[in-house]
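For reference, the structure discussed in these notes is given below.
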Amino acid sequence: MTEDRARKVYAIDRGTVIDHIPSPLALKVVEILGVKQEGILTIGINFKSAKLGSKDIVKVENLKLTESVTDRLALVAPTATINIIEQGRVVEKRPIHIPREFHGLLRCPNPKCITNVEEVTTVFHLEGEPPHPAVRCHYCERLYKNPGELVE
Amino acid sequence: MEFNQRSIISIRDFSREEIEFVVGKALEVKQGRWHDALSGKVLASLFFEPSTRTRLSFDAAMVSMGGRVVGFADAGVSSTKKGESLADTIRTVTGYCDVIAMRHPVEGAARLASEVAGVPVINAGDGANQHPTQTFLDLFTIHEEFGRLDGLKVGMLGDLKYGRTVHSLAKALSLFEVEQVFISPPSLRMPEGIIEELRQGGTAFQEVEEIDQVQGALDVLYVTRIQKERFADFQEYERVAGAYRLGHRELSALGGQCRVMHPLPRVDEIKPEVDSGGNAIYFRQAHNGIPTRQALLGLVTGTIS
Chain F
0 MTEDRARKVY
10 AIDRGTVIDH
20 IPSPLALKVV
30 EILGVKQEGI
40 LTIGINFKSA
50 KLGSKDIVKV
60 ENLKLTESVT
70 DRLALVAPTA
80 TINIIEQGRV
90 VEKRPIHIPR
100 EFHGLLRCPN
110 PKCITNVEEV
120 TTVFHLEGEP
130 PHPAVRCHYC
140 ERLYKNPGEL
150 VE
Chain H
0 MEFNQRSIIS
10 IRDFSREEIE
20 FVVGKALEVK
30 QGRWHDALSG
40 KVLASLFFEP
50 STRTRLSFDA
60 AMVSMGGRVV
70 GFADAGVSST
80 KKGESLADTI
90 RTVTGYCDVI
100 AMRHPVEGAA
110 RLASEVAGVP
120 VINAGDGANQ
130 HPTQTFLDLF
140 TIHEEFGRLD
150 GLKVGMLGDL
160 KYGRTVHSLA
170 KALSLFEVEQ
180 VFISPPSLRM
190 PEGIIEELRQ
200 GGTAFQEVEE
210 IDQVQGALDV
220 LYVTRIQKER
230 FADFQEYERV
240 AGAYRLGHRE
250 LSALGGQCRV
260 MHPLPRVDEI
270 KPEVDSGGNA
280 IYFRQAHNGI
290 PTRQALLGLV
300 TGTIS
């Protein structure tokens, strides 16, 4: 079983396990979650997965990542599942929800957009639904069909 | 419907009901119902890039309704030249006025301004993005001509790829029961994103390359200029631009009755022979910028309700 396999790699007592990350995006996931400096991380790349063919796993020790943090993965790893671990047991399992708005997560590729001219936090609105999400820049109003590519 | 202190940034922010409301108010203004409504109000007219028509139209709208105007017509004379951020300029100007009209070359500049300003901001053009008062005056003109927007067939001719006017108009008309016809050379077609939005919204439309291919008569033909800069080859430009020049012959192919609109300035895309007939409404359209902008200025400052 996937969960057993993940435990064989390195079981954690407390923290967050991000499973079912499409390979090879584990490092990107760590970057998006901003957990590089947050204690011990275990990263597994290219595990076999019945669902995805191959998948990555990221384990963040001692940190319970909230939904608003893990939902930042929606555009890059929408298939990821979040497991919150306490005393070696899964106490919460949840999927990624795609937010209607993204604040400060994406960069607008339009060089004429105000977000690339002034100090402004980017805002994007979700327009298309998964599996084909699209986002529109709140400022220059351009529509982007591959929003995963805009993640900074 | 609440318009007091609301910024006018993009036609995307408005529902069908809100557009109808603004069009109705513009008609009341044109009929003289809101005489001197802007008395005592100050407009800051911030034009970070040159514009003659839009700037003069805002100034005239304000002054002829009793208001006053401060501002600049060129970023060279503002403190932007000294390196001040747009946000700081807007925060400062907010203390001098009741409403801001601004044109800026950067896309999204007006949206940002509206987020830091303490007064409503009216977008008078932000780069290639939006110019909502133009769209409102276009809709007002069509409504004035026909007494309705629903049930009309509206064509757009020329450069549909780069023209922000036609993008916004197509989007606004898609909120009504309007059939749209896009006539352009293949290289200047309506952008795929807009076509897809219309398709998803269930708007009836056709795309053709020549005026003669339009099926059935049009109520309105909105003409835009094909710009030389879009073509690497001057001869190719001449050939294409020539094929989209509107005269009596082309008008009769479109049913003979259709009203011709143009955001102006025009160069030679409409032959002078069209000016004198009953089809041409482009100068009245330009003049409608006054009551439309007066209605918006009055609504957002709370003096028209």
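Keeping their order, the protein sequence lines are chains F and H. Residue numbering for the first sequence follows numbering that gives the first Met the number 0, beginning at 0 and increasing consecutively. Residue numbering for the second sequence follows numbering that gives the first Met the number 0, beginning at 0 and increasing consecutively. Beta carbons are placed, not taken as given, at the ideal position from N, Cα and C, and that holds for glycine.
Simplified DSSP state of residue i, which is helix, strand or coil
i                : result
Ile8 (chain H)   : coil
Asn3 (chain H)   : coil
Ile182 (chain H) : strand
Val155 (chain H) : For clarity, residue 155 (chain H) is Met in the given sequence; the question names Val instead. Residue state, collapsed to three classes: strand.
Val150 (chain F) : strand
Gly254 (chain H) : coil
Phe71 (chain H)  : strand
Asn145 (chain F) : coil
Asp218 (chain H) : coil
Asp18 (chain F)  : strand
Glu191 (chain H) : helix
His137 (chain F) : coil
Gly226 (chain H) : Per the sequence presented here, residue 226 (chain H) reads as Gln, with Gly not at that position. In the structure shown, Gln226 (chain H) sits in coil (DSSP, three-state: anything other than H, G, I, E or B).
Leu296 (chain H) : helix
Arg15 (chain H)  : helix
Val89 (chain F)  : strand
Gly52 (chain F)  : strand
Lys160 (chain H) : coil
Phe20 (chain H)  : helix
Thr121 (chain F) : coil
Gly103 (chain F) : coil
His286 (chain H) : helix
Met0 (chain F)   : For Met0 (chain F), the predicted model reports a pLDDT of 47, less than 50, meaning its position is unreliable; a value from the coordinates is still stated below. Note: Met0 (chain F) maps to coil in three-state DSSP.
Gly94 (chain H)  : helix
Ser44 (chain H)  : strand
Asp125 (chain H) : strand
Leu85 (chain H)  : helix
Phe204 (chain H) : strand
Phe46 (chain F)  : strand
Pro271 (chain H) : helix
Residue i and residue j closer than 8 Å at C-beta
i                : j                : result
Val34 (chain F)  : Leu26 (chain F)  : no
Gly107 (chain H) : Tyr138 (chain F) : yes
Cys112 (chain F) : Phe123 (chain F) : no
Ile81 (chain F)  : Leu125 (chain F) : no
Gln179 (chain H) : Ala216 (chain H) : no
Gly154 (chain H) : Val213 (chain H) : yes
Thr15 (chain F)  : Leu64 (chain F)  : yes
Leu51 (chain F)  : Pro23 (chain F)  : no
Leu298 (chain H) : Lys24 (chain H)  : yes
Val219 (chain H) : Val116 (chain F) : no
Val57 (chain F)  : Val28 (chain F)  : yes
Val68 (chain H)  : Val62 (chain H)  : yes
Ala60 (chain H)  : Arg292 (chain H) : yes
Ser6 (chain H)   : Pro119 (chain H) : yes
Asp35 (chain H)  : Met0 (chain H)   : no
Gly157 (chain H) : Arg224 (chain H) : yes
Gly301 (chain H) : Asn3 (chain H)   : yes
Gly147 (chain F) : Val59 (chain F)  : no
Pro131 (chain H) : Ile10 (chain H)  : yes
Ala109 (chain H) : Asp97 (chain H)  : no
Gly103 (chain F) : Thr120 (chain F) : yes
Ala203 (chain H) : Ile18 (chain H)  : no
Ser44 (chain H)  : Ala100 (chain H) : yes
Rounded Cβ spacing between residue i and residue j (contact assumed at less than 8 Å)
i                : j                : result
Ser167 (chain H) : Gln129 (chain H) : 6 Å
Ile31 (chain F)  : Arg71 (chain F)  : 5 Å
Lys227 (chain H) : Pro190 (chain H) : Actually they are not in contact, since the Cβ atoms of Lys227 (chain H) and Pro190 (chain H) sit about 21 Å apart, beyond 8 Å.
Asn287 (chain H) : Thr140 (chain H) : 5 Å
Phe326 (chain H) : Phe20 (chain H)  : The question about residue 326 (chain H) has no answer, for chain H in this structure spans 0 to 304.
Ile84 (chain F)  : Arg13 (chain F)  : 6 Å
Ile89 (chain H)  : Ala123 (chain H) : Actually they are not in contact, since the Cβ atoms of Ile89 (chain H) and Ala123 (chain H) sit about 14 Å apart, beyond 8 Å.
Glu206 (chain H) : Arg229 (chain H) : That pair is no contact at about 18 Å.
Leu296 (chain H) : Leu138 (chain H) : With a Cβ gap of about 17 Å, Leu296 (chain H) and Leu138 (chain H) do not count as contacting.
Arg15 (chain H)  : Glu144 (chain H) : Not really, about 19 Å apart at Cβ, beyond 8 Å.
Glu176 (chain H) : Gly150 (chain H) : 6 Å
Closer than 8 Å at the beta carbon, the chain C residues around residue i
i                : result
Glu148 (chain F) : You won't find chain C in this structure, because its protein chains are F and H.
If the cut-off is 8 Å on Cβ atoms, which residues from the stretch 105-127 of chain F count as contacting chain H, listed in chain order? Along the stretch 105-127 of chain F, going in chain order, the ones with a CB nearer than 8 Å to a CB of chain H are Asn109, Lys111, Cys112, Ile113, Thr114, Val116, Glu117, Glu118, Val119.
With 8 Å as the limit, tell me which residues of the stretch 226-240 of chain H have their beta carbon closer than that to any beta carbon of chain F; keep them in chain order. Taking 8 Å as the Cβ-Cβ cut-off against chain F, none of the residues of the stretch 226-240 of chain H qualify.
In the stretch 101-121 of chain H, which residues sit with their C-beta less than 7 Å from some C-beta in chain F, listed in chain order? Residues are counted here when their Cβ sits less than 7 Å from a Cβ of chain F; for the stretch 101-121 of chain H these are Val105, Glu106, Gly107, Ala108, Arg110, Leu111, given in chain order.
Indicate whether the contact test is met: 3 or more Cβ pairs, each with one atom in the stretch 257-265 of chain H and one in the stretch 235-243 of chain H, closer than 8 Å. Verdict: no, contact absent.
Identify each residue in the stretch 85-103 of chain F for which the Cβ-Cβ distance to at least one residue of chain H is less than 7 Å, and report them in chain order. Cβ contacts with chain H: none found.
contact_flag[the stretch 87-103 of chain H, the stretch 88-105 of chain F] where n(CB pairs < 8 Å) is 3 or more: With a cut-off of 8 Å, the stretch 88-105 of chain F and the stretch 87-103 of chain H do not count as touching, because too few Cβ pairs lie within range.
Where the stretch 127-141 of chain H meets chain F: residues whose CB sits under 8 Å from a CB there: Flagged, chain order: Ala127, Asn128, Gln129.
Where the stretch 4-27 of chain H meets chain F: residues whose CB sits under 7 Å from a CB there: Hits within the stretch, in order: Ser9, Arg11.
Chain F contacts made by the stretch 187-199 of chain H, where a contact means CB separation under 8 Å: Of all residues in the stretch 187-199 of chain H, only Gly192 come within less than 8 Å of chain F when Cβ atoms are compared, listed by chain position.
Closer than 7 Å between beta carbons: that is the criterion. Which residues of the stretch 65-97 of chain H meet it against chain F? Legend: CB atoms of the stretch 65-97 of chain H lying less than 7 Å from CB atoms of chain F belong to residues Ser84, Leu85, Ala86.
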